[in-house]
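Residue 0 is where the sequence shown starts when you use numbering that gives the first Met the number 0, and the numbers rise one by one after that.
The C-beta atom is built at its ideal place from N, Cα and C for all residues, glycine as well.
Since the model is a prediction, treat every value here as computed from it, not as a measurement.
First up is the structure itself, then whatever we jot down about it.
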Amino acid sequence: MASNGVLLLFTFIHLSIGHTAFVDLEVRAENVGKYGQQSLLECVYIHSPEAEGGKLVWVEWKKEGVEEALLSFHKGSTTAESGYSFAEPSWNTTNRNVSLLITSTSVKDQGEYTCNVMTESGDGFKNTRLRVTAKYNKPAIKLDPQTSTLMCDSDSGYPEGQLCWFDEFGTEWTKSSQMEAKKTESGLFNLSSKLTLMDGSTFSSYTCKVFNVSGGNEEEATYTVQEPEKTGRAQGNKMDGTTKVVAPLVVIGSLIVGLLLLMLLLYKRRSQLVRRFSTRPLIMGDHQPVDTCDSPVEQGEDQSCPDSPA
């Protein structure tokens, strides 16, 4: 028992002494992985000439913020979380390539990683970083005829990008638009932008472009404005101006017509009253006027009639 303890202590001291002298790791400072595809984090250990031929004892890949190791090798056994493996299919203890392979990259895979290696000659570790990207889909543009607003949508991209508007001459109209970015459960972004067409606009087309976080143009789509749409906006604006002038005239004209009708009605009413209450006898043609003296009179009444005309 005592001899075994001494042997283990000697082995530990030996490995500690060779920590910086015998093992060096080669990694990339930053790696770029595409969403949904494989990502490779390279890590290759190099021995010094004095320690050539040293076998691996222990390998471990860890990600910052994650407690458990993603991939590890110890005592001839490999343990891996789902979706992670050694890049070399025929990996063994004499293989110096201990690179990490991520089978299907997701947004949560972005971050800092550490490659830890221990051999019979010494040990070492180095950090590397993975940056995840996802290309946005081709934008879709549609017009809301009620508000004369163009709407552009592009989804499933990462990191958060930007939608920019340009007219047919390349003039940018992004400052006149309103953009919204929504993050989905998968971590990807959906972008939407609205551009309200200016009154009297005569541009024939508008282009919506998707730019990634680095400023690169990933996708774009163009909307061609139909002639009736341009004519409709121009006529609508013209009618709005005409209405402002015509409306008061219509009101004034209506008042004048109403006043004239009222005066005509009063005139007719007055004429009827004059005819009704006139005391002049009506001309009866060839008929003689009725002699009221031929009418019977009650007894005691005085009857006096003018002489009949000759």
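For SER98, same chain residues with a beta-carbon under 8 Å away, outside a window of 5 residues either side, are LEU39, LEU40, GLU41, CYS42, VAL43, PHE85, ALA86 and GLU87 in chain order. Going by DSSP, ASP122 is part of the beta strand (DSSP E) stretching over 122–132. Sequence-distant Cβ neighbours of ALA68 in its own chain, meaning closer than 7 Å and more than five residues away, are GLU59, TRP60 and LYS61.
Per DSSP, the unbroken beta strand (DSSP E) holding LYS208 starts and ends at 204–210.
Of all C-beta pairs linking the region 172–190 to the region 211–218, fewer than three are shorter than 8 Å, placing the two stretches out of contact.
In this structure the region 139–155 lies against the region 189–203, because at least three pairs of beta carbons, one per stretch, are closer than 8 Å. When TRP57, SER200, GLY123 and GLY64 are compared, the shortest CA-CA separation from VAL26 is found for GLY123.
With a threshold of 16 other beta carbon atoms within 10 Å, GLY64 falls short and is exposed. Where PHE188 is concerned, the enclosing beta strand (DSSP E) starts and stops at 188–195.
In the DSSP assignment, ALA68 falls outside any beta strand (DSSP E) and carries neither an H nor an E. Within a 10 Å sphere around the beta-carbon of GLN271 sit fewer than 16 other beta-carbons, which makes this residue exposed. Secondary structure note for ASP152: its beta strand (DSSP E) is the uninterrupted segment 148–156. Excluding residues up to 5 positions away in sequence, ALA180 and PHE188 lie with their Cβ nearer than 6 Å to the Cβ of GLU159 in the same chain. Taking C-beta atoms under 8 Å as the contact rule, GLU29 and PRO138 fail to qualify, at a distance of about 29 Å. Under the three-state reduction of DSSP output, TYR135 falls in the coil class, being neither helix nor strand. A Cβ-Cβ separation of about 59 Å leaves LEU254 out of contact with VAL209 under the 8 Å criterion. In this structure, GLN145 keeps its C-beta atom at 8 Å or more from the C-beta atom of LEU129. 8 Å or more divides the Cβ of TYR205 from the Cβ of THR104. Between GLY121 and the set THR113, THR132, LEU24 and THR78, the nearest pair of CA atoms involves LEU24. Rounded to the nearest whole angstrom, the CA to CA distance from LYS182 to PHE72 is 37 Å. In the assembly as shown, THR118 is a buried residue. Its beta-carbon has 16 or more other beta-carbons within 10 Å. DSSP places TYR112 inside the beta strand (DSSP E), whose first and last residues are 110–118. The C-alpha of SER176 is placed about 21 Å away from the C-alpha of GLN225. Taking 8 Å as the upper bound for CB-CB distance, LYS54 and THR78 are not in contact here, some 19 Å apart.
With a beta-carbon spacing of about 6 Å, TYR157 and VAL131 fall inside the 8 Å limit used to define contacts. A direct Cα-Cα distance of roughly 32 Å separates LEU248 from ARG269.
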